[in-house]
Every structure is written in C-alpha cells, then in structure tokens.
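A.B. asks: First the structure, which I've put down as structure tokens, then a few questions once you've had a look.
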Amino acid sequence: MKVAVFRKEHFNAAHRLHNPKWSKEKNESIFGKCNNEYYHGHNYELIIKVSGEPDPDTGYVYDMKVLSDMIKDNVTHKFDHRNLNLDVEEFKDLNPTAENIAVVIYNILRDKIEPRFDLKVTLYETERNFVEYPA
Numbered sequence: 066m067k068v069a070v071f072r073k074e075h076f077n078a079a080h081r082l083h084n085p086k087w088s089k090e091k092n093e094s095i096f097g098k099c100n101n102e103y104y105h106g107h108n109y110e111l112i113i114k115v116s117g118e119p120d121p122d123t124g125y126v127y128d129m130k131v132l133s134d135m136i137k138d139n140v141t142h143k144f145d146h147r148n149l150n151l152d153v154e155e156f157k158d159l160n161p162t163a164e165n166i167a168v169v170i171y172n173i174l175r176d177k178i179e180p181r182f183d184l185k186v187t188l189y190e191t192e193r194n195f196v197e198y199p200a
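When we follow this note's numbering, the leftmost residue of the sequence shown carries the number 66, and every step to the right adds one.
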C-alpha cells in the first residue's frame with residue numbers, strides 16, 4: 066500500500082533567462098521579458114511529494130517535520146531572496162528556467178531521502194505556470 070505525502074514551501078528569487086551563446090536579439094526573441102539584463106523575480110510555490118508505505122509503528126510515510134526541515138535547510142534557505150544566476154552555484158552554468166530549478170531541487174533532495182521513497186517536485190513559477198519533475 067503506497068501513500069503520498071506532500072509538503073508545500075515558498076521562496077522568492079530573481080533570475081534571468083539567457084543563453085550566452087546567442088546574440089542579444091536571439092535571447093530577447095526567445096526569452097522575451099524574462100531576458101531582462103537586470104533580472105526579474107518570482108514568488109515560487111514548491112510542492113514536494115514523497116510516496117511510500119506507511120511505517121507500521123508510526124503510521125507515517127515520512128515524518129513531515131523532518132521533510133519540512135530538509136526542504137528549508139537545503140532549498141529555501143539556499144534559494145530564498147537570492148539571484149539564482151549570481152548567488153546559487155548550481156546555476157552558474159545552467160539557465161535557471163522553472164524546469165531546471167525543479168531538476169536541481171529534485172537532485173538536492175533525492176540524495177537526502179532514502180531510495181525506498183519515490184520523490185516528485187512540483188514548482189509553480191506563477192499561478193498559471195508550473196513544472197513537475199520527474200514527469
């Protein structure tokens with residue numbers, strides 16, 4: 066019997082979508098206002114899904130306090146009120162699209178959550194635009 070638990074967190078961050086291999090015109094054409102050289106920000110909503118079998122002793126799939134602390138210590142403290150392009154090492158050479166941010170968060174947390182649990186990251190960049198990894 067598999068059950069899923071979800072933890073929702075929030076962070077604010079700035080970024081710029083830009084490919085240094087492209088001309089200014091191509092970057093502006095592809096990324097539009099998201100290519101603003103002075104960056105722009107989002108109020109990200111992050112949902113972490115952990116699936117597994119409930120522990121017979123606790124009834125928990127995963128201790129939500131442990132999950133919350135793990136997300137805060139490894140993701141929100143690292144990303145919140147940061148410029149992802151300039152302040153977060155993982156994006157030094159990686160365009161911080163919502164897709165790439167979700168993959169980075171997944172990789173950070175996957176190393177900390179036992180393999181017997183399934184993990185999924187859902188990241189809302191806006192109310193209407195969100196990504197999920199793995200798909």
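Glycine residues also receive a C-beta, built at the ideal position from the N, C-alpha and C atoms.
1. Since Ala-69 is in the beta strand (DSSP E), which residue starts that stretch and which ends it?
2. Which residue marks the beginning of the alpha helix (DSSP H) containing Tyr-171, and which one marks its end?
3. Rounded to whole angstroms, what's the CA-CA distance from Ser-133 to Thr-187? Just pull it up for me.
4. Using CA coordinates, which residue listed in Asn-194, Thr-162, Lys-67 is at the minimum distance from Lys-114?
5. Where does Pro-180 land, buried or exposed, given buried means 16+ other C-beta within 10 angstroms?
6. What is the C-beta distance between His-107 and Glu-190, in whole angstroms, given that I count them as a contact (C-beta under 8 Å)?
7. Suppose you measure from the CA of Leu-111 to the CA of Val-196; what does that come to, to the nearest Å?
C.D. replies: The structure says:
1. 68 to 80
2. 163 to 175
3. 15 Å
4. Lys-67
5. exposed
6. 5 Å
7. 10 Å
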